[in-house]
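In the order they appear, the protein sequences are chains A and B. Using the numbering used here, the first residue of the first sequence is number 1, and each one after it goes up by one. Using the numbering used here, the first residue of the second sequence is number 358, and each one after it goes up by one. No residue lacks a Cβ here, since even glycine has one placed at the ideal position from N, Cα and C. Below is one structure, written out as structure tokens; comments come after it.
Protein chains: 2
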Amino acid sequence: MSRGYNFSSGPAALPESVLAQARDEMLEWRGARASVMEISHRGKDFIALAEESERDLRALMSVPASHKILFLQGGATQHFAQIPMNFAAGRTADYVVTGSWGQKAAKEAKPSCTVRIAGSSEAAGFLKLPDGYAFDPSAAYVHVTTNETIGGVELHVLPSTGDVPIVADMSSNILSRPIDVSRYGIIYAGAQKNIGASGLVVMIVREDLLARCPPTLPNILNYSAHVKEGSMLNTPNTFGWYLASLVFKWLANQGGVERMGEINGAKAKVLYDYIDGSGFYSNPIDRACRSRMNVPFRLADEALDGKFLAESEAAGLLALKGHRSVGGMRASIYNAMPVEGVKALIDFMKDFAKRQG
Amino acid sequence: MSRGYNFSSGPAALPESVLAQARDEMLEWRGARASVMEISHRGKDFIALAEESERDLRALMSVPASHKILFLQGGATQHFAQIPMNFAAGRTADYVVTGSWGQKAAKEAKPSCTVRIAGSSEAAGFLKLPDGYAFDPSAAYVHVTTNETIGGVELHVLPSTGDVPIVADMSSNILSRPIDVSRYGIIYAGAQKNIGASGLVVMIVREDLLARCPPTLPNILNYSAHVKEGSMLNTPNTFGWYLASLVFKWLANQGGVERMGEINGAKAKVLYDYIDGSGFYSNPIDRACRSRMNVPFRLADEALDGKFLAESEAAGLLALKGHRSVGGMRASIYNAMPVEGVKALIDFMKDFAKRQG
Numbered sequence: 001m002s003r004g005y006n007f008s009s010g011p012a013a014l015p016e017s018v019l020a021q022a023r024d025e026m027l028e029w030r031g032a033r034a035s036v037m038e039i040s041h042r043g044k045d046f047i048a049l050a051e052e053s054e055r056d057l058r059a060l061m062s063v064p065a066s067h068k069i070l071f072l073q074g075g076a077t078q079h080f081a082q083i084p085m086n087f088a089a090g091r092t093a094d095y096v097v098t099g100s101w102g103q104k105a106a107k108e109a110k111p112s113c114t115v116r117i118a119g120s121s122e123a124a125g126f127l128k129l130p131d132g133y134a135f136d137p138s139a140a141y142v143h144v145t146t147n148e149t150i151g152g153v154e155l156h157v158l159p160s161t162g163d164v165p166i167v168a169d170m171s172s173n174i175l176s177r178p179i180d181v182s183r184y185g186i187i188y189a190g191a192q193k194n195i196g197a198s199g200l201v202v203m204i205v206r207e208d209l210l211a212r213c214p215p216t217l218p219n220i221l222n223y224s225a226h227v228k229e230g231s232m233l234n235t236p237n238t239f240g241w242y243l244a245s246l247v248f249k250w251l252a253n254q255g256g257v258e259r260m261g262e263i264n265g266a267k268a269k270v271l272y273d274y275i276d277g278s279g280f281y282s283n284p285i286d287r288a289c290r291s292r293m294n295v296p297f298r299l300a301d302e303a304l305d306g307k308f309l310a311e312s313e314a315a316g317l318l319a320l321k322g323h324r325s326v327g328g329m330r331a332s333i334y335n336a337m338p339v340e341g342v343k344a345l346i347d348f349m350k351d352f353a354k355r356q357g
Numbered sequence: 358m359s360r361g362y363n364f365s366s367g368p369a370a371l372p373e374s375v376l377a378q379a380r381d382e383m384l385e386w387r388g389a390r391a392s393v394m395e396i397s398h399r400g401k402d403f404i405a406l407a408e409e410s411e412r413d414l415r416a417l418m419s420v421p422a423s424h425k426i427l428f429l430q431g432g433a434t435q436h437f438a439q440i441p442m443n444f445a446a447g448r449t450a451d452y453v454v455t456g457s458w459g460q461k462a463a464k465e466a467k468p469s470c471t472v473r474i475a476g477s478s479e480a481a482g483f484l485k486l487p488d489g490y491a492f493d494p495s496a497a498y499v500h501v502t503t504n505e506t507i508g509g510v511e512l513h514v515l516p517s518t519g520d521v522p523i524v525a526d527m528s529s530n531i532l533s534r535p536i537d538v539s540r541y542g543i544i545y546a547g548a549q550k551n552i553g554a555s556g557l558v559v560m561i562v563r564e565d566l567l568a569r570c571p572p573t574l575p576n577i578l579n580y581s582a583h584v585k586e587g588s589m590l591n592t593p594n595t596f597g598w599y600l601a602s603l604v605f606k607w608l609a610n611q612g613g614v615e616r617m618g619e620i621n622g623a624k625a626k627v628l629y630d631y632i633d634g635s636g637f638y639s640n641p642i643d644r645a646c647r648s649r650m651n652v653p654f655r656l657a658d659e660a661l662d663g664k665f666l667a668e669s670e671a672a673g674l675l676a677l678k679g680h681r682s683v684g685g686m687r688a689s690i691y692n693a694m695p696v697e698g699v700k701a702l703i704d705f706m707k708d709f710a711k712r713q714g
């Protein structure tokens with residue numbers, strides 16, 4: 001057995017060199033004479049890691065001084081609920097819904113604010129972007145999901161929301177290309193796709209918005225309190241944070257998000273081009289919003305799905321089964337998926353199609 | 358450099374064999390051809406791990422069928438806030454406060470319920486247990502902290518609360534000896550002391566209490582929803598869960614919590630006996646509630662603290678500095694600390710005391 005090309009939608013593939021370093025340091029990290037998991041988050045060694053990782057992420061994403069960075073827990077889903085508690089309590093918030101995650105975010109917000117759907121492509125089966133947006137200029141924020149992993153829909157152009165801050169669930173495409181962070185009020189992302197392992201959430205928040213966090217909240221649910229304590233209001237997920245720090249170094253060594261954007265663009269293009277021209281596979285998403293991260297595709301005959309999955313798995317192409325709600329296949333090709341993995345997938349797809357004659 | 362004896366209060370030492378297994382499986386876990394961190398939590402491989410770990414924990418602690426087991430995130434601190442939201446909304450809850458963590462639990466509960474202090478040893482500097490308890494028979498629950506890591510106070514005898522369920526923060530002494538789980542409404546514990554790595558919380562909850570969880574809560578903050586989804590309402594901390602599963606196997610191999618209770622009792626006894634008889638070191642806690650997990654001690658002259666710490670660190674006895682709020686030293690001797698580590702500490706303490714002439 002050896003490692004396969006892993007197309008899992010998340011928890012997803014990590015760079016092999018990152019895993020190898022985590023392996024090599026598992027019993028003794030730096031000079032700690034202990035694992036990074038076994039030391040106090042308040043000791044100088046871990047504080048150094050925390051500060052360095054924040055600097056590295058700030059550099060990678062060109063995060064301006066106006067924005068704070070948090071390393072939290074709970075998965076993006078917890079923050080679906082916690083963001084409206086902090087930033088829209090008693091107010092209206094606009095939600096743009098382009099897939100399942102946007103739907104969930106809106107649902108989890110309902111106990112804490114008035115949720116207004118400012119645009120949705122649900123009626124179109126989430127196969128394209130909403131036809132337009134109707135924003136409320138008095139909304140607390142506009143929530144968007146920049147990439148929908150299940151449908152395979154990416155928001156390539158950020159809507160114009162005037163003075164209303166944009167809150168973006170960027171779980172599945174953060175760090176996949178350059179973005180202008182200053183255009184966002186809040187960016188948040190579960191780590192298990194493009195940052196590291198599950199159990200860690202990275203949040204980038206414009207400092208002036210923290211004045212909204214209600215002091216009546218329990219401290220642990222108050223983002224302002226987390227910022228004040230440098231993400232150490234309580235014990236953070238230290239191993240998750242450590243892994244993220246290794247991924248940030250890896251990204252810098254790859255050439256940063258500019259280079260990742262080029263590679264990700266090329267990986268997606270070659271796969272979509274093959275699918276579109278194959279006459280055997282198909283992708284139903286409007287080209288204007290096809291995801292560079294998650295490429296769902298169907299076979300000409302869905303009776304062949306099981307065979308495709310068994311044979312691809314045997315060929316070392318892992319986790320290609322599509323989400324049960326859309327069926328078919330899905331290739332998730334985040335930062336850690338090398339070009340060679342996409343080429344191997346296409347070679348397999350070609351061969352499989354030919355063999356069905 | 359090599360691994361030291363690690364007396365960190367948390368994140369704390371893990372069994373070396375567990376770390377070695379995690380190292381060896383880092384790039385390829387079982388037959389997954391990927392790390393355990395890189396696979397879907399909803400796939401059959403991870404589901405098997407999740408089910409096995411629950412069975413193992415249920416066996417180790419003899420958890421009765423009346424109680425459900427959850428693997429969550431957020432640290433115990435998040436659950437300080439979330440437990441009253443779920444189980445005491447609009448009601449009064451009794452809190453027993455025997456140290457800093459009990460104080461924090463009570464503080465985080467205040468936004469969600471009426472907090473009543475049913476017993477506190479704060480006036481006695483948390484050096485002993487409260488003189489008595491005044492429980493409210495109509496309280497939603499009685500919250501206790503079974504071990505206080507900072508003061509070094511352990512609740513060796515559970516108070517009688519009649520029909521009022523006991524909610525226990527067992528973060529620092531779970532799995533350290535046999536307990537009767539049926540006496541508890543809820544047991545919860547951050548994993549980073551006796552279970553595994555930070556970023557994971559284990560909760561054991563009596564099923565009938567779940568009827569209290571308000572349906573108006575966001576789903577992700579509702580324990581009933583987590584039980585319904587088998588701790589997979591969202592992506593769990595999969596690596597943390599995996600590490601916990603390895604620790605459960607290790608504990609079973611050690612002889613289970615009965616044997617750990619004997620070892621932990623012996624480790625604590627030899628250390629307290631030495632301190633009490635040394636004429637140089639002292640522990641201020643009432644013997645009726647001294648912690649078997651965290652042993653704070655002072656030197657005869659606190660001007661020697663820095664020297665003690667530098668020399669102990671150089672001798673491979675790590676992280677002995679006491680919490681800043683109480684000063685002095687603290688030896689945390691959880692399950693993963695072998696008897697040999699405590700002996701090495703005592704040998705060093707003897708030698709150090711002698712050298713101060």
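Chain-ordered chain B contacts of residue i [CB-CB under 8 angstroms]
i	result
A/G4	R390 and A391
A/A106	What A/A106 touches in chain B: nothing, since even the nearest Cβ is about 12 angstroms away.
A/F80	P575 and I577
A/L416	Given that chain A is displayed from residue 1 to residue 357, the structure contains no residue 416 of chain A and the question cannot be resolved.
A/L155	By Cβ distance, chain B contributes nothing, its closest Cβ being about 22 angstroms from A/L155, past 8 angstroms.
Closer than 9 angstroms at the beta carbon, the chain B residues around residue i
i	result
A/P437	Outside the displayed span of chain A (1 to 357) sits residue 437 of chain A, for which this structure offers no information.
A/A211	Per Cβ cutoff of 9 angstroms: no residues; A/A211 is ~19 angstroms from chain B at best.
Coarse secondary structure for residue i, derived from DSSP in three states
i	result
B/M394	helix
A/F7	coil
B/M694	coil
A/A189	strand
A/G322	coil
B/F481	Note on identity: in this sequence residue 481 of chain B is Ala, with Phe being the wrong assignment. If DSSP states are grouped into helix, strand and coil, B/A481 belongs with the helices.
A/S224	helix
A/L210	helix
A/G261	helix
A/L233	coil
A/L129	coil
B/L702	helix
B/L674	strand
B/G519	coil
Per DSSP, the bridge partner or partners of residue i
i	result
B/T449	B/T471
A/R358	Nothing about residue 358 of chain A can be read from this structure; chain A reaches only from 1 to 357.
A/H143	A/Y95 and A/V167
B/E511	B/N504
A/K307	DSSP output for A/K307 lists no bridge partner at all.
A/L243	The partner list for A/L243 (beta bridge, DSSP) is empty, contrary to what the question assumes.
B/F428	B/V559
A/S332	A/N294
A/L57	In DSSP, A/L57 forms no bridge with anything.
Listed by chain order, chain A residues near residue i by CB distance under 7 angstroms
i	result
B/P368	M37, E38, I39, S40, H41, T235 and T238
B/G547	T235
B/N576	E108
Per-residue contacts from residue i into chain A (C-beta, under 9 angstroms)
i	result
B/S365	A34, E38, I39, S40 and G43
B/T573	P111
Under 7 angstroms from the C-beta of residue i: neighbouring residues of chain B
i	result
A/R23	R380, M383 and L384
A/L175	Ordered by position in chain B, no residue passes the 7 angstroms Cβ test against A/L175, which lies about 17 angstroms from the chain.
Say whether the stretch 656-669 of chain B touches the stretch 621-631 of chain B, bearing in mind that this needs 3 or more beta-carbon pairs closer than 8 angstroms, one atom from each stretch. no
Do the stretch 528-542 of chain B and the stretch 207-222 of chain A make contact, defined as three or more Cβ pairs closer than 8 angstroms? no
Could you say if the stretch 689-704 of chain B and the stretch 615-624 of chain B meet the contact criterion of at least three C-beta pairs nearer than 8 angstroms? yes
Would the stretch 54-65 of chain A and the stretch 386-397 of chain B be scored as touching if the rule is three or more Cβ pairs under 8 angstroms? no
Check distances from the C-beta atoms of the stretch 642-676 of chain B to those of chain A and list, in chain order, the residues that come in under 8 angstroms. G673, L675 and A676
For the stretch 340-353 of chain A, which residues have a beta carbon sitting closer than 7 angstroms to at least one beta carbon of chain B? none
Could you tell me whether the stretch 552-566 of chain B touches the stretch 593-600 of chain B, using the rule of 3 or more Cβ pairs below 8 angstroms? yes
Can at least three beta-carbon pairs, one atom from the stretch 81-93 of chain A and one from the stretch 125-135 of chain A, be found at a separation below 8 angstroms? no
Any residues in the stretch 479-494 of chain B with a beta carbon nearer than 9 angstroms to a beta carbon of chain A? Which ones, in chain order? none
Count the C-beta pairs between the stretch 166-176 of chain A and the stretch 141-157 of chain A that are closer than 8 angstroms, then say yes if the count reaches three, no if not. yes
On the three-pair Cβ rule with 8 angstroms, is the stretch 363-370 of chain B touching the stretch 678-691 of chain B? yes
Below 8 angstroms, how does it come out for the stretch 64-74 of chain A and the stretch 206-217 of chain A: are there three or more Cβ pairs, yes or no? yes
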